[in-house]
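Protein chains in written order, with the numbering used here: chain A, 1395 to 1802; chain B, 124 to 437.
Just so you know, even glycine gets a beta-carbon here, dropped at the ideal spot from N, CA and C.
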C-alpha cells in the first residue's frame, strides 16, 4: 500500500489498495487507518473509485440522498451503464420518490411498536436454544459460537417471523452471502457464488409469493399493505425479497461480532451479567466495533465537493462504514469494545433515509440471545482463534470457537 | 439536538390574497430532516402556540422548508401572528416532519384542493409528474386572487383546473371523479364541507382509493411546557431537572443513563423508552394517535413532559 499526494490535478490523495483483496478482508483495520489518514476523500486507482473513510464524510454522504443517490446501485456496478445481476431492490437501490412507499410500509412492519408482540416469544426462544446447548453438558461447554448461536438463533426466529415455509431455509445464508459479495468487484468471491445464483434466486423469488407465506408474518403484512393500496401488488414480492436478502446474514454476523467482543473482553461480560438491560447497547457497540456491513457505494448525481476536492457527476463513491465507526476523529479509543461507551450515532446500520429498516429486529435478536446467555453463563472466553469468512461487503466469521463456563 | 429545535425565517412572501409563504432554515444552514409529499411540521410561535403546516417546497433542497399560511379571520391568533408580526430573521420552534397523508404509488391520481388545502398537494403533483403518472388537479378557492401557487401550477397546463368559486361556482366533484377507474387514487385536502363532498362523490369506490387530510385547528400533540420538569431514572433513582435548553435524552445522559439513540429527530425509534409515571409530551414522528394516548412510552430525543415529573425506565 502506498499513499501519495500528487501535485497535478486531481488534488486528491491517491491510495493504491484493493479493499476487496483477501489480505484486506482478513484484517481491514490497517487499510482503514491509512484511508482515513490520507484525507477526507481519497482516490482508489485500482477500481477508478472515490472513497470516504472518515466519520464526518461517511455520515454526510450517507444522508445526502439528493447528491448521492442509490438508484444507480449501492455496489461498485453503476446501473446507469451496467445491467444489475437481479431486479434492483425497491429499498436499497431506489431513491425518492419511488423509495418512499416501500420504505414507509416496511418501517411500520419492522418498527419497535410492531415488534413488541414478538419480544416475549423471542426471549423464550433464546432461552430454549441456550438450554438445548447447555442442559446436562457439564460446567464447561465448548462450541462454535457462529454455528451454535450466531447463525442458529436468527435462523430459528427470523424465517418464522417472516412466515417462510420450513423447506429450503438453508438457502438463506448462501443467497445473502452472494448478494453481499455482488456489491463488490467481480472477483473470486463473486465467481464462487455464481454457479448457484440462478437456483438460489429462483428459490428466494418463490418464497415471496403471497400463497407461500404464512398469514401472520412480516411477509403477509407486506402483502396486506398492497391490499390497502400503500404499495402495488407488483412491489410486494420485491419488498419481501429485501427481508430475505438483508435480514439474515447481517444479524448472524452482528451476533458473531458481539459474542466475539464479549469473549475477548471479560470485563464487558461481567458488566452485561450485572446489567443485562445493556444488551441492546452491547449489540450496537459490537455493530460499531466490527461493522458487519463494512461498505456501501453511492453515485454522485452532480459534481459534489467533499473535503476540498470534487467527486464528479456519475462517479461511484465507496463509503467505508467500518472505518468511520473506528475514526479516532469521532470516537475515543475507537478500537476498544466498551460497554460503557455510548455507541449512538454509529453508521453500522447506515444513516438517513436508507438506514437499516430492520435495525430494531436485529437489536431484539441480540437482546434476546445475550439475555439468555447471561442467565446461564458465568464466563465466556475464546477456545481457539476465530476464523474469518471473507465477503466483499461483510466483516464476518466462519467460526468462533468459544468456551462457556456455566453459572453454578 | 436539544429540546428546542428552531428554524429561522429566511423569506416571507405574499403567495395570494391572505396567504404568506415562509422559507425556513436552520440557523446554521444545516441539513433539515427528510420529508415526503403530504408531510407537515409543527411550528411553535412566539406565543407558545403550536400549529401544523404542510410542507410545500422542494424536498430535493435539504436545507430549506417552505410552508404557506392562510390568515384565518376567526382563528385563535396563530395565523395573524405569522401574517402581522413574524419577520425575516425571526425564529420559530419546530417539530416533525410527520406524514399522515403519504402518497401511495399509482398509475393515476386525481387531486382536489380547496383553498389553502393546495399546500400538501403541490409537492404531490410535482411528484406525480416526476414519476410519469397520469394526473389532474381540481383546485377551488373563493376567488382567483385567493388561490396560492397559481404561477407554479401554470407549467402543468390543462392538467390543472382552477375553479374560483366567484367565477365558476362550487367544485364539480362528481364529474371530476366520474371516470376514475380502479387504478386511480383520489387525494383531497381542504375545508370540512369539501371533504364531506368528496367522500360522497367517491362513496361507491373502495375506501382506500380516497385519501384525505383535514386541517384541524386543534393543537395536536405538542403543548410545549415552557417551565422545567423533573425526570426520574427508575433504574438508578437519580433525578434530573430538564429545562427548555435540554432534551430528555441529553439530560438523562448527563446523569449517567446509557440510552441508545440514532437519528435524534424522533423518526427512527431507537431510543424508545418506557414511561412508568407522568404524562409524556409526544413530539416524535412515529407513534399513532392511540399509541400517544397510551402514554406508556416516549422517544426522549425529542419528546418531553406534560407533567411536573416523568419517571422513565432508564
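Would you grab the beta carbon distance between residue i and residue j for me? Rounded to a whole angstrom, and I think it's under 8 Å.
i, j, result
"residue 1547 of chain A", "residue 1518 of chain A", "The Cβ separation is near 12 Å, so there is no contact."
"residue 1543 of chain A", "residue 1755 of chain A", "Rounded, the Cβ-Cβ distance is 17 Å, inconsistent with contact."
"residue 1456 of chain A", "residue 1746 of chain A", "5 Å"
"residue 299 of chain B", "residue 233 of chain B", "7 Å"
"residue 200 of chain B", "residue 170 of chain B", "7 Å"
"residue 372 of chain B", "residue 424 of chain B", "5 Å"
"residue 1454 of chain A", "residue 1429 of chain A", "Rounded, the Cβ-Cβ distance is 16 Å, inconsistent with contact."
"residue 1644 of chain A", "residue 1687 of chain A", "6 Å"
"residue 349 of chain B", "residue 367 of chain B", "6 Å"
"residue 214 of chain B", "residue 131 of chain B", "5 Å"
Could you pull the start and end residues of the alpha helix (DSSP H) that residue i belongs to?
i, result
"residue 1547 of chain A", "1546-1556"
"residue 1713 of chain A", "Taken as a continuous stretch (DSSP letters only), residue 1713 of chain A belongs to no alpha helix (DSSP H), being part of the beta strand (DSSP E) at 1710-1714."
"residue 258 of chain B", "It is not in any alpha helix (DSSP H) - residue 258 of chain B instead sits in the beta strand (DSSP E) that spans 257-264."
"residue 1748 of chain A", "From DSSP, residue 1748 of chain A is part of no alpha helix (DSSP H); its letter is neither H nor E."
"residue 80 of chain B", "Residue numbering for chain B in the displayed model covers 124 to 437; residue 80 of chain B lies beyond these limits and cannot be assessed."
"residue 1699 of chain A", "From DSSP, residue 1699 of chain A is part of no alpha helix (DSSP H) but of the beta strand (DSSP E) over 1698-1700."
"residue 273 of chain B", "273-276"
"residue 1416 of chain A", "1416-1420"
Terminal residues of the continuous beta strand (DSSP E) containing residue i?
i, result
"residue 93 of chain B", "It is not possible to answer for residue 93 of chain B, since the shown part of chain B is limited to 124 through 437."
"residue 175 of chain B", "173-177"
"residue 1486 of chain A", "Looking at the DSSP string, residue 1486 of chain A is not in any beta strand (DSSP E), and its letter there is neither H nor E."
"residue 1690 of chain A", "1689-1693"
"residue 1703 of chain A", "1703-1705"
"residue 1410 of chain A", "1408-1410"
"residue 1665 of chain A", "Run containing residue 1665 of chain A: none in the beta strand (DSSP E); it sits in the alpha helix (DSSP H), 1660-1668."
"residue 144 of chain B", "142-148"
"residue 334 of chain B", "333-337"
"residue 1799 of chain A", "1795-1800"
"residue 286 of chain B", "283-287"
"residue 1642 of chain A", "Segment: none, residue 1642 of chain A is in no beta strand (DSSP E) and carries neither H nor E."
"residue 1773 of chain A", "1771-1776"
Report the three-state DSSP secondary structure of residue i (helix, strand or coil).
i, result
"residue 1631 of chain A", "helix"
"residue 1788 of chain A", "strand"
"residue 154 of chain B", "coil"
"residue 393 of chain B", "coil"
"residue 246 of chain B", "helix"
"residue 309 of chain B", "strand"
"residue 302 of chain B", "coil"
"residue 1591 of chain A", "helix"
"residue 346 of chain B", "In this prediction, residue 346 of chain B scores a pLDDT of 49, lower than 50, which makes its location untrustworthy; no coordinate-derived value is stated."
"residue 1436 of chain A", "strand"
"residue 1759 of chain A", "helix"
"residue 1536 of chain A", "strand"
"residue 1680 of chain A", "helix"
"residue 1620 of chain A", "helix"
"residue 126 of chain B", "Because residue 126 of chain B carries a pLDDT of 43, less than 50, the predicted location of this residue cannot be relied on, and no value is offered for it."
"residue 1606 of chain A", "helix"
"residue 1444 of chain A", "strand"
"residue 1568 of chain A", "helix"
"residue 1561 of chain A", "coil"
"residue 1685 of chain A", "coil"
"residue 437 of chain B", "coil"
"residue 1720 of chain A", "coil"
"residue 136 of chain B", "strand"
Contiguous alpha helix (DSSP H) assignments of at least 4 residues, all confined to the stretch 160-231 of chain B: 201-207
Proximal residues, the stretch 201-226 of chain B versus chain A, C-beta separation under 9 Å: 222, 225, 226
Quick one: complete alpha helix (DSSP H) runs, 4+ long, within the stretch 1464-1529 of chain A? 1494-1503, 1506-1528
Chain C contacts made by the stretch 244-259 of chain B, where a contact means CB separation under 7 Å: Checking the listed chains, one finds no chain C in this structure; the protein chains it contains are A and B.
Members of the stretch 1604-1626 of chain A near chain B, C-beta cut-off 7 Å: 1622, 1623, 1624, 1625, 1626
Can you pull out the residues from the stretch 1452-1464 of chain A whose beta carbon lies closer than 8 Å to at least one beta carbon of chain B? 1457, 1458, 1459, 1460
Cβ-based contacts, 9 Å cut-off: residues of the stretch 398-427 of chain B near chain A: 409, 410, 411, 414, 420
Ignoring anything shorter than 3 residues or poking outside the stretch 350-435 of chain B, list the beta strand (DSSP E) runs there in chain order. Correct list: 352-356, 362-365, 396-400, 432-435.
Just by C-beta distance, which residues in the stretch 141-157 of chain B are closer than 9 Å to chain A? 154, 157
Determine which residues of the stretch 175-196 of chain B have a Cβ less than 9 Å from any Cβ of chain A, and write them out in chain order. 182, 183, 184, 185
Using a Cβ-Cβ cut-off of less than 8 Å, list which residues of the stretch 1672-1686 of chain A approach chain B; keep chain order. 1672, 1674, 1675, 1678
May I ask you to list, following chain order, the residues of the stretch 1742-1764 of chain A that have a beta carbon less than 9 Å from some beta carbon of chain B? 1743, 1745, 1746, 1747, 1749, 1753, 1754, 1757
Can you give me, in chain order, the residues of the stretch 1472-1495 of chain A that have a beta carbon less than 8 Å from any beta carbon in chain B? 1490, 1491, 1492, 1494, 1495
Quick one: which residues of the stretch 1504-1526 of chain A get their C-beta closer than 9 Å to a C-beta of chain B? List them in chain order. The residues in question are 1505, 1506, 1507.
With 8 Å as the limit, tell me which residues of the stretch 1719-1740 of chain A have their beta carbon closer than that to any beta carbon of chain B; keep them in chain order. 1734, 1736, 1737, 1738, 1739
Cβ-based contacts, 7 Å cut-off: residues of the stretch 297-312 of chain B near chain A: 308
Chain B contacts from the stretch 1628-1646 of chain A (Cβ-Cβ distance under 8 Å): 1629
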